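Visitor: Just so it is clear: in the sequence shown, position 214 is 223 by our numbering, and no numbers are missing.
For glycine and all other residues, C-beta sits at the position ideal for the given N, C-alpha and C.
This structure is a prediction, so every number in the text was calculated from the model and none was measured.
Starting off with a structure, shown below.
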Amino acid sequence: MRIEFIELLRCPASHELSPLITVASKRAGEHLLDATLGCVVCGAEYELRDGVAYLTNETETSVATSDVVDAIDPMRIAALLALTDGSARALLCGAAASVSSEIESLIGARVAGVNAPVESMLEHELVDVIRLTPRAMIPLATASLQGLAVDARHASLLADAARVVRRGGRVLGPLSAAVPLGCRELARDSHEWVAEVENAPSAPIALKRATEPRG
């Protein structure tokens, strides 16, 4: 996994966003291959193995099936997410993650995948892949993405879309899921919709009582 994406990783546990401390043991150029990732808030430790970040302590993750993967068109996803050049950064979750390397080759955009199908990982020696049990939190820094694509198995991640995708960025989701808050639908067909992020969710503001003047 590229150091660029490792620096954006956040602990997926249920607490405030927290960067992960990285202790690397093996690297290849700009990619870390083996490392330990630790959270300073909850103390959780995660493993980076063969370039894949395992941000889960569970043994099973949601993986797209091969018959779904065969229907994915990388250029269509790139167009819908408005990925036009190497300055764009995107996260593809589930079935769409199988074409992350193709999008990089065609467009130059930097793309990482969540739960990419195993067969697609084997085709590329150095890929950016996160293994994550689907949940309503994307383990990346706020406003770090230009685009996000989510399949039906990872629809719960849409709840975090307006936080992780910067304003003006695109979100692609399945027709079975609702367009998340903070996003405006642009178009849809019989399978999916695409929306634009308009407003990122703001942090709650602490209310303070005025101090009474002393007499």
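Relative to the C-alpha of Leu184, which residue among Ala158, Leu17, Ser27 is closest?
Guide: To locate residue 184, count along the sequence shown from 1; it is residue 175. Considering only alpha carbons, the answer is Ala158.
Visitor: How about Ala171 and Gly191: are their beta carbons less than 8 Å apart?
Guide: In the sequence shown, residue 171 corresponds to position 162, counting from 1. In the sequence shown, residue 191 corresponds to position 182, counting from 1. In this structure, Gly191 lies closer than 8 Å to Ala171 by Cβ.
Visitor: Reducing DSSP to helix, strand and coil, say where Leu92 ends up.
Guide: Residue mapping note: residue 92 aligns to position 83 of the sequence shown, counting from 1. Coil at Leu92, not helix or strand.
Visitor: Is DSSP giving Ile86 helix, strand or coil here?
Guide: Here residue 86 refers to the residue found at position 77 of the sequence shown. Correct three-state label for Ile86: helix.
Visitor: Cβ of Gly60 within 8 Å of Cβ of Leu42?
Guide: Working through the sequence shown from its first residue, we reach residue 60 at position 51. Working through the sequence shown from its first residue, we reach residue 42 at position 33. Their beta carbons are under 8 Å apart, which means Gly60 touches Leu42 by this criterion.
Visitor: Who are the Cβ neighbours of Gly177 in its own chain at under 7 Å, not counting the five residues just before and after it?
Guide: Indexing the sequence shown from 1 puts residue 177 at position 168. The residues are Glu205, Val206.
Visitor: What number of angstroms, rounded off, separates the C-alpha of Glu194 from the C-alpha of Ala80?
Guide: Numbered from its first residue, the sequence shown carries residue 194 at position 185. Numbered from its first residue, the sequence shown carries residue 80 at position 71. So the two alpha carbons sit approximately 23 Å from each other.
Visitor: Since Asn124 and Arg140 are thought to touch, with beta carbons under 8 Å apart, how far apart are those beta carbons, to the nearest angstrom?
Guide: In the sequence shown, counting from the first residue as 1, residue 124 sits at position 115. In the sequence shown, counting from the first residue as 1, residue 140 sits at position 131. Indeed they touch by this definition, with Cβ atoms about 6 Å apart.
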